[in-house]
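Student:
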Amino acid sequence: MSEPRRKRLRNEQQAAVSAIEIEAVPTGTRNSADILRARDLRIWYAGPKGPVQAVDGVSFALRPGEVLGLVGESGCGKSTLGRGLMGLLPRGAAIDGGLVFAGTDLLRLSPKERDKLRGAGMGLIFQEPMTRLDPLMRISDHFTEELKVHEPDLSRREARDRALEALRALGIPPTRYRNYPHEFSGGMRQRIMIALALALRPKFIVADEPTTALDVLVEAQILHILADIRVRYSAAILLITHNLGIIAEACDRVAVMYAGKIVEQGPVREIFAEPRHPYTQELLRSTISLTTRALHSIPGAPPDLVDPPPACRFHPRCPHAMHVCAARQPPQFAESGHVADCWLLSDHLTVADRQPLRRAEVAVADEA
Amino acid sequence: MTTALPESAQTEAVIERRLTRIPGLAALRATAGFQRGMLLAGALLVLFFVVVAVFAGLIAPYGFNQASANGVDFPTLAPPSAQHWFGTTVSGTDVFSRVVYGARTALEVIVLAVALSIVVGVPLGLISGYRGGWLDRALVLITDALFAFPTLLLAIVISIAIASGQSSATGGIVSTAVAITVVYVPQYFRVVRNATVAAREEPYAEAARALGAPPRVVMVRYVFANVVQTVPIIATLNAGDAILTLAGLGFLGFGIEPSSAAEWGYDVNKSLSDAAAGIWWTGLFPGLAIVLLVLGVTLVGESLNDVLNPVLRTTKFRKVELPIVVPISGGGP
Amino acid sequence: MATTTKSSSGSLRTYLITRLLLVIPMVWVLITLVFFVMRVIGDPIESAFGGRLSAEEIASRRHSAGLDRPILSQYWDYLVGVLHGDFGHTLTDNQPVSTVLITKGAATLELTFWALIVALAVGIPLGRVAARYRDRPPDVGLRLFAVLTYATPVFFLGLLLKLLFSIKLGWLPASGRASTNVELAIQNVSPKTNIFLIDAILYGDPSYVIDVLKHAVLPAITLGLLTAGVFLRLVRVNLLQTMRSDYVEAARARGVPERRVMRKHAFRNAMIPVVTVMGLQIAVLLGGAVLTEKTFEWQGLGYAVADYIVRRDYLAVQGIVTAVAIIVAIISFLIDVISAIIDPRVRY
Numbered sequence: 000m001s002e003p004r005r006k007r008l009r010n011e012q013q014a015a016v017s018a019i020e021i022e023a024v025p026t027g028t029r030n031s032a033d034i035l036r037a038r039d040l041r042i043w044y045a046g047p048k049g050p051v052q053a054v055d056g057v058s059f060a061l062r063p064g065e066v067l068g069l070v071g072e073s074g075c076g077k078s079t080l081g082r083g084l085m086g087l088l089p090r091g092a093a094i095d096g097g098l099v100f101a102g103t104d105l106l107r108l109s110p111k112e113r114d115k116l117r118g119a120g121m122g123l124i125f126q127e128p129m130t131r132l133d134p135l136m137r138i139s140d141h142f143t144e145e146l147k148v149h150e151p152d153l154s155r156r157e158a159r160d161r162a163l164e165a166l167r168a169l170g171i172p173p174t175r176y177r178n179y180p181h182e183f184s185g186g187m188r189q190r191i192m193i194a195l196a197l198a199l200r201p202k203f204i205v206a207d208e209p210t211t212a213l214d215v216l217v218e219a220q221i222l223h224i225l226a227d228i229r230v231r232y233s234a235a236i237l238l239i240t241h242n243l244g245i246i247a248e249a250c251d252r253v254a255v256m257y258a259g260k261i262v263e264q265g266p267v268r269e270i271f272a273e274p275r276h277p278y279t280q281e282l283l284r285s286t287i288s289l290t291t292r293a294l295h296s297i298p299g300a301p302p303d304l305v306d307p308p309p310a311c312r313f314h315p316r317c318p319h320a321m322h323v324c325a326a327r328q329p330p331q332f333a334e335s336g337h338v339a340d341c342w343l344l345s346d347h348l349t350v351a352d353r354q355p356l357r358r359a360e361v362a363v364a365d366e367a
Numbered sequence: 000m001t002t003a004l005p006e007s008a009q010t011e012a013v014i015e016r017r018l019t020r021i022p023g024l025a026a027l028r029a030t031a032g033f034q035r036g037m038l039l040a041g042a043l044l045v046l047f048f049v050v051v052a053v054f055a056g057l058i059a060p061y062g063f064n065q066a067s068a069n070g071v072d073f074p075t076l077a078p079p080s081a082q083h084w085f086g087t088t089v090s091g092t093d094v095f096s097r098v099v100y101g102a103r104t105a106l107e108v109i110v111l112a113v114a115l116s117i118v119v120g121v122p123l124g125l126i127s128g129y130r131g132g133w134l135d136r137a138l139v140l141i142t143d144a145l146f147a148f149p150t151l152l153l154a155i156v157i158s159i160a161i162a163s164g165q166s167s168a169t170g171g172i173v174s175t176a177v178a179i180t181v182v183y184v185p186q187y188f189r190v191v192r193n194a195t196v197a198a199r200e201e202p203y204a205e206a207a208r209a210l211g212a213p214p215r216v217v218m219v220r221y222v223f224a225n226v227v228q229t230v231p232i233i234a235t236l237n238a239g240d241a242i243l244t245l246a247g248l249g250f251l252g253f254g255i256e257p258s259s260a261a262e263w264g265y266d267v268n269k270s271l272s273d274a275a276a277g278i279w280w281t282g283l284f285p286g287l288a289i290v291l292l293v294l295g296v297t298l299v300g301e302s303l304n305d306v307l308n309p310v311l312r313t314t315k316f317r318k319v320e321l322p323i324v325v326p327i328s329g330g331g332p
Numbered sequence: 000m001a002t003t004t005k006s007s008s009g010s011l012r013t014y015l016i017t018r019l020l021l022v023i024p025m026v027w028v029l030i031t032l033v034f035f036v037m038r039v040i041g042d043p044i045e046s047a048f049g050g051r052l053s054a055e056e057i058a059s060r061r062h063s064a065g066l067d068r069p070i071l072s073q074y075w076d077y078l079v080g081v082l083h084g085d086f087g088h089t090l091t092d093n094q095p096v097s098t099v100l101i102t103k104g105a106a107t108l109e110l111t112f113w114a115l116i117v118a119l120a121v122g123i124p125l126g127r128v129a130a131r132y133r134d135r136p137p138d139v140g141l142r143l144f145a146v147l148t149y150a151t152p153v154f155f156l157g158l159l160l161k162l163l164f165s166i167k168l169g170w171l172p173a174s175g176r177a178s179t180n181v182e183l184a185i186q187n188v189s190p191k192t193n194i195f196l197i198d199a200i201l202y203g204d205p206s207y208v209i210d211v212l213k214h215a216v217l218p219a220i221t222l223g224l225l226t227a228g229v230f231l232r233l234v235r236v237n238l239l240q241t242m243r244s245d246y247v248e249a250a251r252a253r254g255v256p257e258r259r260v261m262r263k264h265a266f267r268n269a270m271i272p273v274v275t276v277m278g279l280q281i282a283v284l285l286g287g288a289v290l291t292e293k294t295f296e297w298q299g300l301g302y303a304v305a306d307y308i309v310r311r312d313y314l315a316v317q318g319i320v321t322a323v324a325i326i327v328a329i330i331s332f333l334i335d336v337i338s339a340i341i342d343p344r345v346r347y
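Sequence lines, in order, name chains A, B and C. Take 0 as the starting number for the first sequence in numbering that gives the first Met the number 0 and just add one per residue. Take 0 as the starting number for the second sequence in numbering that gives the first Met the number 0 and just add one per residue. Take 0 as the starting number for the third sequence in numbering that gives the first Met the number 0 and just add one per residue.
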């Protein structure tokens with residue numbers, strides 16, 4: 000296919016996807032009160048061995064004040080998704096699909112317009128706070144920079160007041176305002192990062208494993224802060240984590256991600272009580288609690304995203320894998336807000352389809 | 000329903016392999032594009048000069064101090080011509096021959112100096128790093144002091160001390176090589192010593208000791224491997240610097256006795272007075288030779304260095320193109 | 000608003016004192032090395048005057064120079080002298096080395112200063128360009144340029160520049176610090192700094208100032224390009240690293256425009272090592288200065304040292320080299336001070 004023809008095709012496709020009606024978003028009944036909507040979002044970036052299909056057809060939506068947990072193993076693409084929503088893509092990455100924030104099609108924006116949204120409309124809280132602050136700049140400088148960039152008409156006094164207020168809400172006293180980053184502990188730095196993310200009252204926040212690098216007590220504080228945010232500012236939060244405990248405690252809904260796709264989505268209570276996708280079931284079974292007798296783990300390893308398994312990406316590791324799972328992509332099965340992509344939920348399979356994939360076949364499928 | 004992936008829409012990416020155990024081969028394979036070009040260009044340059052130096056007798060038409068042939072004197076300060084490709088100097092010697100023999104001088108001195116530096120500096124660094132204590136601290140202090148000092152001035156001082164004025168031909172080459180050695184030993188010492196100290200603290204060394212391995216075995220097996228990898232790079236980078244120091248010494252009129260060997264720096268010095276009269280060939284060619292040889296050596300060292308430093312390694316990739324997707328119509332319940 | 004806490008200013012002080020205490024043993028080591036190395040040569044008087052003076056003359060000179068005393072007492076006297084700023088006397092022209100240092104040292108200082116400006120003005124901006132166009136033609140070209148400036152001996156570059164701009168084109172003077180008449184005139188300026196630019200300004204004739212500047216152009220470029228490549232590559236490498244750093248990504252996530260992210264965050268952090276490297280480059284520049292001064296007949300310390308070597312006046316060489324060692328150490332210390340002030344993390 001020639002270059003210009005390919006480009007034209009892609010533009011047409013983009014336009015078509017953006018124009019698709021809201022009901023097509025497979026998360027039950029949604030309406031235009033959604034603050035963020037993603038449909039068939041794909042983010043592939045360049046890796047040494049070829050393009051990495053980090054996010055491959057992901058759809059979800061968020062309402063103001065809602066916390067959506069995004070859970071999955073390392074390397075499933077959740078961080079890429081979080082950054083992609085913010086528009087922070089690695090070198091040579093490509094993104095397409097539908098991404099609408101507060102009525103604006105994000106993928107159509109110019110880089111400058113995207114910059115303006117970042118920080119003001121949407122915020123990002125990072126995983127490791129230790130290295131996220133410029134060592135040469137005081138905390139005050141960080142705040143004045145951010146505020147001035149987005150609201151250039153602010154006076155210095157106003158900017159300072161806003162910054163101090165944001166910090167106070169997170170327990171950082173004004174006396175430390177002019178300190179340098181290296182003078183703070185990890186927990187305090189994370190709180191400063193959150194204060195920076197909140198300073199402009201964004202409507203949507205991505206929290207990328209905000210407590211993974213912190214100890215348990217600090218983790219509790221941070222989660223408490225996040226709960227506070229959604230109430231106070233009505234912000235929608237995408238909470239990315241690999242920790243199911245945090246999902247249970249802090250989230251309204253959860254999306255389970257595997258190998259670049261969301262395999263199951265729904266209200267936390269329901270998913271935990273009645274997981275429909277085998278991967279979710281395995282994940283829940285693997286968590287350790289006081290009643291755990293034996294350690295359970297999922298055999299195998301997450302697949303290589305450069306060359307993922309065909310059809311259902313979980314089939315090499317799935318204890319219930321059938322023939323059809325390796326042959327055709329599973330469709331979505333929705334039931335009042337609870338969605339799962341799995342052939343096991345289908346009533347329309349032939350006997351041949353339902354033949355279980357034996358371990359040997361599974362191994363072969365893995366290599367294919 | 001599966002997504003459509005037209006063959007023509009497939010993207011490609013150049014593969015970057017990881018380094019294997021063998022430094023040389025792996026390094027070559029790990030380079031890509033520009034860096035490989037640099038490496039090859041540098042290697043070719045160095046090889047060229049090595050050939051010239053080894054076969055100087057065959058390549059040079061005349062001796063480096065020869066001012067006449069068959070009873071006929073060569074013209075002085077003659078521009079390049081068929082008889083004298085690079086022209087002649089103020090004393091009638093053939094510039095081309097001097098440049099060719101200069102290559103031999105340069106390589107003799109440098110190979111000797113680098114070899115001596117390694118032989119002295121590496122074991123010293125190993126022992127000092129391994130033993131520690133006051134010996135280590137004293138040596139570090141001394142080498143740091145030497146390290147901070149301008150290399151040329153230090154070389155001058157050492158040269159004076161060793162040669163104490165006039166010297167014979169081999170004395171000139173050896174004494175200059177030794178002077179250069181003394182100046183560069185601190186560099187080898189430093190790197191090796193730091194690597195040794197670091198390796199001493201490594202968890203695997205601790206584990207080996209916990210298992211009962213005598214420290215010396217641990218040192219030899221692990222540290223030596225690390226050190227061996229870095230020494231060639233330091234050697235090439237230092238060789239470049241050493242050539243410049245040698246030329247500098249020659250330029251200042253203190254290096255090798257002119258009647259005993261041809262030296263590029265000395266020639267450039269002599270050409271300074273020629274320059275006022277607009278005579279360019281007496282200085283251009285020796286100088287160019289220095290530039291090319293140092294360039295070659297540095298290119299080799301630099302590209303090897305880049306290869307081993309992941310931040311600088313060239314990662315080749317192309318911008319990802321997402322294949323066209325037929326919207327998923329779903330298998331449906 | 001409360002500024003820095005008491006502990007951080009205290010730690011700055013202790014850091015500086017610690018550094019100072021480390022510098023002193025280094026200098027002592029260098030002085031000692033130079034002294035004993037010079038003695039190894041044999042007898043300085045013999046080297047300088049052997050064959051030209053009678054044996055009694057030589058003996059009496061040795062006595063007056065104190066060279067027939069036990070070596071350790073000579074060493075001690077020398078150390079004491081150095082502490083008082085007395086670096087001995089030259090043999091061949093019989094003046095205190097300190098005088099030579101002051102008159103000729105100013106010239107070298109002026110040259111090194113200009114060279115450093117050239118190096119920074121060329122190296123830093125080009126390093127930024129190289130980082131920006133990583134691995135594309137501008138970057139490749141610039142890195143080649145950097146390697147070339149390193150590979151080209153200072154004196155060869157000087158020769159080429161002289162041939163082109165002085166001899167062939169006649170735009171700039173070929174040697175010296177100033178035209179003879181200018182030089183003579185500004186000798187009578189008071190206060191006399193020996194830094195020709197300042198002296199010419201004090202003298203008041205603008206054409207003289209221009210004359211001095213014209214004489215400085217070629218030597219400054221020659222010596223400056225020697226280290227420009229170093230700064231170029233340093234800035235490039237550091238910028239590439241800071242560009243990928245976590246705080247840069249975090250700044251982008253806050254919507255800070257890319258240009259500002261590069262300038263304020265990436266670049267400023269990348270520059271920290273530049274200050275340290277500047278200190279190391281001073282040593283390189285001083286070595287290169289010797290060669291540059293010889294090429295352009297710039298009457299500085301380097302020129303003097305080369306001259307004294309030819310005359311085999313080793314006491315003079317010893318004195319000058321000792322002084323240079325101390326200067327290098329002091330500069331290294333100053334660089335550390337500046338580094339500590341710039342980077343708030345660098346304090347014990």
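Note that CB positions come from ideal geometry on N, CA and C, so glycine has one too.
Give the interface partners of A:Met-85 over in chain C, defined as CB-CB distance under 8 Å, in chain order.
Tutor: The sequence position of residue 85 of chain A within the first sequence is 86, counting from 1. Simply Ala-252.
Student: Is the Cβ of C:Leu-158 closer than 9 Å to any Cβ of chain B?
Tutor: In the third sequence, residue 158 of chain C corresponds to position 159, counting from 1. Taking Cβ atoms only, chain B reaches closer than 9 Å to C:Leu-158, which makes this a yes.
Student: Does the CB of C:Val-255 have a neighbour CB from chain A at under 9 Å?
Tutor: Here residue 255 of chain C is taken as the residue at index 256 of the third sequence, counted from 1. At least one chain A Cβ lies under 9 Å of C:Val-255.
Student: Considering only their Cβ atoms, is the gap separating C:Val-229 from C:Tyr-149 smaller than 9 Å?
Tutor: Position 150 of the third sequence, counted from the start, is the residue given in the question as residue 149 of chain C. Position 230 of the third sequence, counted from the start, is the residue given in the question as residue 229 of chain C. Taking 9 Å as the Cβ cut-off, C:Tyr-149 and C:Val-229 qualify as a contacting pair.
Student: DSSP beta-bridge partners for A:Val-57?
Tutor: Locating residue 57 of chain A in the first sequence gives position 58, where the first residue counts as 1. A:Leu-40.
Student: The alpha helix (DSSP H) spanning A:His-149 covers which residue range?
Tutor: Within the first sequence, numbered from 1, the residue matching residue 149 of chain A stands at position 150. Per DSSP, A:His-149 belongs to the alpha helix (DSSP H) from 138–149.
Student: Could you tell me the alpha carbon to alpha carbon distance between C:Val-289 and B:Ser-127, rounded to whole angstroms?
Tutor: Here residue 289 of chain C corresponds to residue number 290 of the third sequence, with the count starting at 1. Here residue 127 of chain B corresponds to residue number 128 of the second sequence, with the count starting at 1. Straight-line Cα distance between these residues: approximately 34 Å.
Student: In this structure, what does DSSP give as the bridge partners for A:Glu-334?
Tutor: As a position in the first sequence, residue 334 of chain A is number 335, starting the count at 1. Answer is A:His-337, bridged to A:Glu-334.
Student: Would you mind telling me which residues of chain C sit closer than 8 Å to A:Gly-118, beta carbon to beta carbon, in chain order?
Tutor: Sequence index remark: in the first sequence, residue 118 of chain A carries index 119 (1-based). Residues of chain C passing the Cβ test: Ala-252, Arg-253, Gly-254, Val-255.
Student: Grab the span of the alpha helix (DSSP H) containing C:Tyr-77 for me, first residue to last.
Tutor: Taking the third sequence and counting its residues from 1, one reaches residue 77 of chain C at position 78. Unbroken alpha helix (DSSP H) run through C:Tyr-77: 70–82.
Student: Report the start-end ranges of each beta strand (DSSP E) in the segment 204–255 of chain B that is 3 residues or longer and not cut off at the edges.
Tutor: Segments of the beta strand (DSSP E) lying fully in the segment 204–255 of chain B: there are none.
Student: Could you please tell me which residues of the segment 121–135 of chain A, in chain order, have their CB closer than 8 Å to any CB of chain C?
Tutor: Those residues of the segment 121–135 of chain A that come within reach of chain C (Cβ to Cβ, closer than 8 Å) are Gly-122, Leu-123, Phe-125, Glu-127, Thr-130, Arg-131, Leu-132, Asp-133, Pro-134, Leu-135.
Student: Can you find a CB in chain C that lies within less than 9 Å of the CB of A:Leu-238?
Tutor: Start at 1 with the first residue of the first sequence, and residue 238 of chain A comes out as number 239. Output row for A:Leu-238: interface = no.
Student: Would you decide whether B:Ala-206 is buried or exposed? Buried here means 16 or more other CB atoms lie within 10 Å of its CB.
Tutor: Numbered from 1 along the second sequence, position 207 holds the residue referred to as residue 206 of chain B. Exposed, since its Cβ has fewer than 16 Cβ neighbours within 10 Å.
Student: Where does the unbroken beta strand (DSSP E) through A:His-95 begin, and where does it stop?
Tutor: Counting from one through the first sequence, the residue named residue 95 of chain A turns up at place 96. One point to set straight first is that residue 95 of chain A is Asp, not His, in the sequence displayed. Unbroken beta strand (DSSP E) run through A:Asp-95: 93–100.
Student: So, helix, strand or coil for B:Thr-321, using DSSP?
Tutor: By one-based count along the second sequence, residue 321 of chain B stands at place 322. For clarity, residue 321 of chain B is Leu in the given sequence; the question names Thr instead. B:Leu-321: coil per DSSP, three-state reduction.
Student: Looking at C-alpha atoms only, which residue of C:Ile-340, C:Phe-332, C:Arg-344, C:Arg-267 is the closest neighbour of C:Pro-24?
Tutor: As a first step, residue 24 of chain C must be located in the third sequence, where it is residue number 25. Closest option to C:Pro-24, Cα to Cα, is C:Phe-332.
Student: Spell out a yes or no on whether the segment 248–265 of chain B and the segment 35–49 of chain B are touching, meaning 3 or more CB-CB pairs, one atom from each, closer than 8 Å.
Tutor: They do not touch, by the three-pair rule.
Student: So B:Val-139 is in the alpha helix (DSSP H); what residue range does that whole segment cover?
Tutor: Counting from 1 along the second sequence, the entry for residue 139 of chain B is found at position 140. Element bounds for B:Val-139: 132–147.
Student: For a minimum of 3 consecutive residues, which ranges assigned as the beta strand (DSSP E) are wholly contained in the segment 262–335 of chain C?
Tutor: Here no run is fully enclosed.
Student: Let me see if you follow: with CB-CB separation under 9 Å, is A:Arg-41 close to chain B or not?
Tutor: Taking the first sequence and counting its residues from 1, one reaches residue 41 of chain A at position 42. Interface residue, yes.
Student: Closest by CA to A:Ala-234, which one among A:Asp-346, A:Val-66, A:Ser-335, A:Arg-167?
Tutor: Sequence index remark: in the first sequence, residue 234 of chain A carries index 235 (1-based). It is A:Val-66.
Student: If A:Arg-161 and A:Ala-194 are in contact, beta carbons under 8 Å, what's the gap, nearest whole angstrom?
Tutor: Taking the first sequence and counting its residues from 1, one reaches residue 161 of chain A at position 162. Taking the first sequence and counting its residues from 1, one reaches residue 194 of chain A at position 195. Between A:Ala-194 and A:Arg-161 the Cβ distance is about 10 Å, and since that is not below 8 Å, they are no contact.
Student: With a threshold of 7 Å on Cβ separation, who are the neighbours of A:Ser-285 within its own chain once the five nearest residues in sequence on each side are excluded?
Tutor: Taking the first sequence and counting its residues from 1, one reaches residue 285 of chain A at position 286. His-295, Ser-296, Ile-297, listed in sequence order.
Student: Checking 9 Å against the spacing of the C-beta atoms, do C:Asn-193 and C:Ala-105 come in under that value?
Tutor: Looking up residue 193 of chain C in the third sequence gives position 194. Looking up residue 105 of chain C in the third sequence gives position 106. The answer is yes: Cβ separation under 9 Å.
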